[in-house]
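J.:
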Amino acid sequence: MLQISFFREQPERLRAGLKKRQFTAEQIEVLLNKVLELDDKRKAAQLINDEAAAEVNNLSREVGVLMKSGKKGQAEALKPQVAAAKERVKVASAVMAEATAALEEQLLPLPNLPHDLVVYGTSADQNEVFRPWEKSLPKPPVVSGMAPSNHWDLGEKYNLFDLKLGVKLTGAGFPVYRGKGAKLQRALINFFLDQAQKAGYEEVQPPLLVNEASARGTGQIPDKEGQMYHVTKDDLYLIPTAEVPITNIMRDTITKEFDLPLRMTGYTPCFRREAGSYGAHVRGLNRVHQFDKVEIVQFVHPDHSYKILMDMLDHVCLLMKKLELPYRILRLCSGDMGSAAAMTYDFEAWSGAQQRWLEVSSVSNFETFQSNRMKARYRDSHNKVHLLHTLNGSALALPRIMACLLENNNTAEGIHIPKALHKYLDFTVIN
RNA sequence: GGUGAAAUGGGUGAGCGGUUUAAACCACCAGUUUGCUAAACUGACGUACGGGAAACUGUACCGAGGGUUCGAAUCCCUCUUUCACCGCCA
């Protein structure tokens, strides 16, 4: 959620940011006026409320003193005054609550303001290539006498995962990994967690279901509510990413500046309804309802968040290099970026058989958007409390990594496993 | 799931209708003293939203939400959570 202080103190920044988010100039002015008006209304009501409440307190104290000294008549005489003041409190506090609610209604749906470096855009086509892949890309594997092998063919051939079986057990988009496929998944998870630990992240195992407050804290509600599986009987949500429970660890807490940055990593399955997405690009493991991911999360001082964003990028680069996958990095344009983010870099790995880039990681700086919702704060050396910045990134999401590994390393003798994973497996080739 | 007890500031913990303006201790922070460390002493020490140039100050918050009362941390109701015991269970 955007801070109200932005509206008062940085209207130009707000205008520029919302413009990038496809707001018209008129919409922005209406919004700005509305927010300031509601904020003024709230403040005016609070002034009346506080004053009247102070009177109630003072008179009540007086009544107490009079009662004690036996002047019951005088005490009784004060009561109508108290009642009148209470009535004023009632009216003012109702106005206050109304204005506060209306203000939240205005602010809650607003997206974060994109960073200055984020270019304007309305679709994924306008994302910038931040770092291209400069070497040659793997061609579709041509194994003599065989058609080019997509990962879904390879998965079936080597019994690595079974989509049809998943349909029987659950439904479309719930793959069953088997044999070497299951082992490869486990190896990747361990590899990612070990790398994150080496980079200074504390490993956590969060719950896979979260309450509404947590979903709201990171911005899934109200923005992406339809994206989550909702367990209505207990009013809980299956997490779409470990970002949700891990980031909410810091909800309603005040950290010491000295302890920043906090780095946490966690492996979890992720559940996404992916409502309305069907078609050629979602075949195989390209898009599924349940997948595994290792997430990295940082809570940082606002002055360092963009430097740390680059550190997180470097971390993901290292993973891609160790997995020997061709990749490129995009900086998302304002239209493709999630509404909570101020800046997002996507990593795409090259799929040799599909001959296209697949998104395998998304690394974002949310600045104070999430921390403002969550009240995640730090105390500086002068004992002042400030919102901290939150960042997170996939490091990495497994299914598309698996797809690229299978497709790119497929040869006549089988699929070669990159060296980095050897110590996690009891095989080096899938054949 | 059943029964009982509890929930107070960063922590421990007193208060159970009106000088509580939430005691005290610990921790943290600043200062003094001191070869160093430690200790001792002094002071400051919650959050949110207002007012004020500032010093300062108002209101709200004692798990959450209602209620009683001139006045609620304190009494009543509902809910949540935690602990203990029982039941069930990987």
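Throughout the first sequence, residue numbering follows this note's numbering, covering 333 to 763 in sequence.
Don't be surprised by glycine CBs; every beta carbon is placed ideally from N, CA and C.
Being a predicted model, the structure only gives us computed values, none of them experimental.
Starting from the C-beta of residue 703, find all residues in its chain whose C-beta is less than 6 Å away, skip the five residues before and the five after it, and write them out in chain order.
T.: 719, 720 and 722
J.: From what residue to what residue does the alpha helix (DSSP H) around residue 548 run?
T.: From DSSP, the alpha helix (DSSP H) with residue 548 extends over 544-549.
J.: Can you tell me whether residue 624 is buried or exposed, with buried defined as 16 or more other CB within 10 angstroms of its CB?
T.: buried
J.: If I measure Cβ to Cβ from residue 696 and keep anything under 6 Å in the same chain, skipping five residues before and after, which residues do I get?
T.: 673 and 676
J.: Under a three-way DSSP split, which group does residue 536 fall into?
T.: DSSP places residue 536 in coil when its eight states are reduced to three.
J.: Does DSSP put residue 541 in a helix, a strand or coil?
T.: strand
J.: Thinking C-alpha only, which one of 754, 742, 753 and 755 is nearest residue 486?
T.: 742
J.: Note down the Cα distance separating residue 598 from residue 574, rounded to an integer number of angstroms.
T.: 7 Å
J.: Where residue 498 and residue 725 are concerned, what is the direct C-alpha to C-alpha distance, given to the nearest angstrom?
T.: 28 Å
J.: Please name the residue, chosen from 375, 406, 457 and 512, that lies closest to residue 426 on a Cα-to-Cα basis.
T.: When each option's Cα is compared against that of residue 426, the closest is 375.
J.: Determine the contact status of residue 591 and residue 455, defining contact as a CB-CB distance below 8 Å.
T.: no
J.: Per DSSP, what kind of secondary structure is residue 405 in: helix, strand or coil?
T.: DSSP, read as helix, strand or coil, puts residue 405 in helix.
J.: Does DSSP put residue 585 in a helix, a strand or coil?
T.: Strand at residue 585.
J.: In whole angstroms, what is the alpha-carbon distance linking residue 765 and residue 529?
T.: Any question about residue 765 goes unanswered here, given that the chain covers just 333 to 763.
J.: Flag this pair as touching only if the stretch 680-692 and the stretch 656-671 have three or more C-beta atom pairs under 8 Å; answer yes or no.
T.: As far as the Cβ criterion goes, the stretch 680-692 touches the stretch 656-671, which means the pair count is three or higher.
J.: Which runs of the beta strand (DSSP E) spanning at least 3 residues fall entirely within the stretch 439-487, listed in chain order?
T.: 460-463
J.: By Cβ distance below 6 Å, which residues in the same chain neighbour residue 347 in space, the five residues on each side in sequence not counted?
T.: 360
J.: Does DSSP classify residue 349 as helix, strand or coil?
T.: Residue state, collapsed to three classes: helix.
J.: Does the stretch 348-358 come into contact with the stretch 366-385, if we say contact requires no fewer than three beta-carbon pairs (one atom in each stretch) closer than 8 Å?
T.: no
J.: Can you name, in chain order, every residue of its own chain whose Cβ lies under 7 Å from the Cβ of residue 589, other than the five neighbours on each side?
T.: 633, 710, 711, 712 and 713
J.: Looking only at its own chain, which residues have a Cβ that is under 6 Å from the Cβ of residue 435, when we skip the five neighbours before and after it?
T.: 370
J.: With a Cβ-Cβ cutoff of 8 Å, do residue 333 and residue 516 count as a contact?
T.: no
J.: Compute the Euclidean distance between the alpha carbons of residue 420 and residue 647, then round it to the nearest angstrom.
T.: 59 Å
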